[in-house]
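Student: Structure below; questions to follow.
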Amino acid sequence: MLSIHFFPLLHFPPMTIKVLDKSTIQHLHSGQVIVDIEAIVKELVENSLDAHATSIELVFINNGLESIQVKDDGDGIEECDRLSVAKRHYTSKLASFDDLETITSYGFRGEALNSMCTVSDHVIIMTKTKPDAIGKQYDLDKEGNISNEKPTNTISESGTVVTLYKPFYNLPVRRQLAQRNTTQNNKKCQELLIKYALAHPDVRFSLHQARDTVGHSSSNANNSWIKPVTASINEALAIIYGSQLANMVERFVETHASHPTLTVDMIVPKRNSGN
6 MLSIHFFPLL
16 HFPPMTIKVL
26 DKSTIQHLHS
36 GQVIVDIEAI
46 VKELVENSLD
56 AHATSIELVF
66 INNGLESIQV
76 KDDGDGIEEC
86 DRLSVAKRHY
96 TSKLASFDDL
106 ETITSYGFRG
116 EALNSMCTVS
126 DHVIIMTKTK
136 PDAIGKQYDL
146 DKEGNISNEK
156 PTNTISESGT
166 VVTLYKPFYN
176 LPVRRQLAQR
186 NTTQNNKKCQ
196 ELLIKYALAH
206 PDVRFSLHQA
216 RDTVGHSSSN
226 ANNSWIKPVT
236 ASINEALAII
246 YGSQLANMVE
256 RFVETHASHP
266 TLTVDMIVPK
276 RNSGN
């Protein structure tokens with residue numbers, strides 16, 4: 006016998022259009038700027054390169070789900086800039102839209118660090134410039150404001166250490182995707198570092214994977230990848246991909262005749278290298 010089930014219609018009261026509160030707007034927007042672990046790594050590494058770092062170290066605890074840390078030996082953050090370093094749309098790299106024509110840095114929007122604060126359980130920045138007698142550690146709140154500061158001797162000369170704890174803890178779908186795709190995420194982040202390592206052969210890059218066991222992190226050499234400082238892109242290629250591939254390619258540089266500021270710098274296969 007055919008049975009028919011009737012379900013009651015649900016009636017919801019009409020919602021009026023109203024402005025979202027500042028916290029909700031920030032939360033929604035941050036999810037567009039920082040979409041995954043690779044995006045976090047990209048923004049932090051580019052900040053380090055903009056700070057003229059010669060060594061950049063990336064550390065994942067529990068595949069980046071417990072924490073992501075990027076440590077560099079760059080210029081450090083000037084004390085006058087630290088109050089606004091993670092505030093939205095604060096940047097030292099851009100003064101007006103017209104500056105986009107001449108900008109040479111990777112980052113310029115002033116959104117990345119602020120978005121990281123919004124999507125992480127908490128963020129800590131340690132920094133020191135060469136004139137500083139000692140470094141400082143800054144705890145940041147969800148809006149990128151400094152909630153606490155104290156001295157630290159983690160950095161000897163100059164540089165910055167940024168640590169994010171529990172990224173996407175407040176975005177369940179993003180968090181679950183990161184948990185399911187740890188192998189893919191780790192591979193993407195290593196490939197990202199390789200791209201920067203080839204573009205900046207004179208910078209040391211390293212990636213370390215560690216496990217958090219009852220509050221103590223542990224790692225081994227099998228979970229580390231290192232590209233030392235090299236004199237050329239070809240030397241970096243040999244270290245990353247092996248000397249056989251490096252011997253099959255050559256560097257090609259050409260400056261555009263009508264646009265002398267435009268230079269094409271590439272690695273191309275040598276003639277008959279496939280034979």
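For the sequence shown, the working numbering begins at 6 and goes up steadily by one. The C-beta atom is built at its ideal place from N, Cα and C for all residues, glycine as well.
1. Which value, in whole angstroms, describes the spacing of the CA atoms of ILE139 and CYS122?
2. Nearest-angstrom Cα distance between PRO265 and GLU259?
3. Hey, SER125 and PRO177: beta-carbon distance below 8 Å or not?
4. Is the separation between the beta-carbon of ALA58 and that of GLY79 shorter than 8 Å?
5. Got a sec? Which residues, its chain only, sit under 7 Å from GLU162 by beta carbon, not counting five neighbours each side?
6. Please list, in chain order, all residues of the same chain as THR235 whose beta carbon is under 6 Å from its beta carbon, the five residues on each side excluded.
7. Since ILE238 and ILE272 are thought to touch, with beta carbons under 8 Å apart, how far apart are those beta carbons, to the nearest angstrom?
8. I believe ILE160 touches LYS192 by the beta-carbon criterion, under 8 Å. Please report the beta-carbon distance rounded to the nearest angstrom.
9. How is LYS135 classed by DSSP in three states: helix, strand or coil?
10. Please check the pair VAL50 and ILE61, which I expect to be a contact at CB under 8 Å, by giving their CB distance rounded to whole angstroms.
11. Could you tell me if ARG256 is buried or exposed, where buried requires 16 or more neighbouring beta carbons within 10 angstroms of its beta carbon?
Tutor: Reading from the atomic positions:
1. As a position in the sequence shown, residue 139 is number 134, starting the count at 1. As a position in the sequence shown, residue 122 is number 117, starting the count at 1. Cα-Cα distance, rounded: 25 Å.
2. For this step, residue 265 is matched to residue 260 along the sequence shown. For this step, residue 259 is matched to residue 254 along the sequence shown. Between PRO265 and GLU259, the C-alpha separation is close to 10 Å.
3. For the purposes of this step, residue 125 is identified with residue 120 of the sequence shown, where counting begins at 1. For the purposes of this step, residue 177 is identified with residue 172 of the sequence shown, where counting begins at 1. Going by C-beta atoms, SER125 is not nearer than 8 Å to PRO177.
4. Working through the sequence shown from its first residue, we reach residue 58 at position 53. Working through the sequence shown from its first residue, we reach residue 79 at position 74. In this structure, GLY79 lies closer than 8 Å to ALA58 by Cβ.
5. Along the sequence shown, read from residue 1 onward, the residue named residue 162 stands at position 157. Answer for GLU162: ASP78, LYS135, listed in chain order.
6. Within the sequence shown, the letter at position 230 stands for residue 235. Contacts found: PRO206, ALA241.
7. Residue numbering aside, residue 238 sits at position 233 when the sequence shown is read from its first letter. Residue numbering aside, residue 272 sits at position 267 when the sequence shown is read from its first letter. At roughly 6 Å, the Cβ-Cβ gap stays under 8 Å, so ILE238 and ILE272 are in contact.
8. Translated into the one-based positions of the sequence shown, residue 160 becomes position 155. Translated into the one-based positions of the sequence shown, residue 192 becomes position 187. At roughly 30 Å, the Cβ-Cβ gap does not stay under 8 Å, so ILE160 and LYS192 are not in contact.
9. The count along the sequence shown starts at 1 and reaches residue 135 at position 130. Looking at LYS135 - three-state DSSP - the assignment turns out to be coil, as it is neither helix nor strand.
10. If you number the sequence shown from 1, residue 50 lands on position 45. If you number the sequence shown from 1, residue 61 lands on position 56. Correct: roughly 6 Å between the Cβ atoms.
11. The residue labelled residue 256 in the question sits at position 251 within the sequence shown. ARG256 should be labelled exposed.
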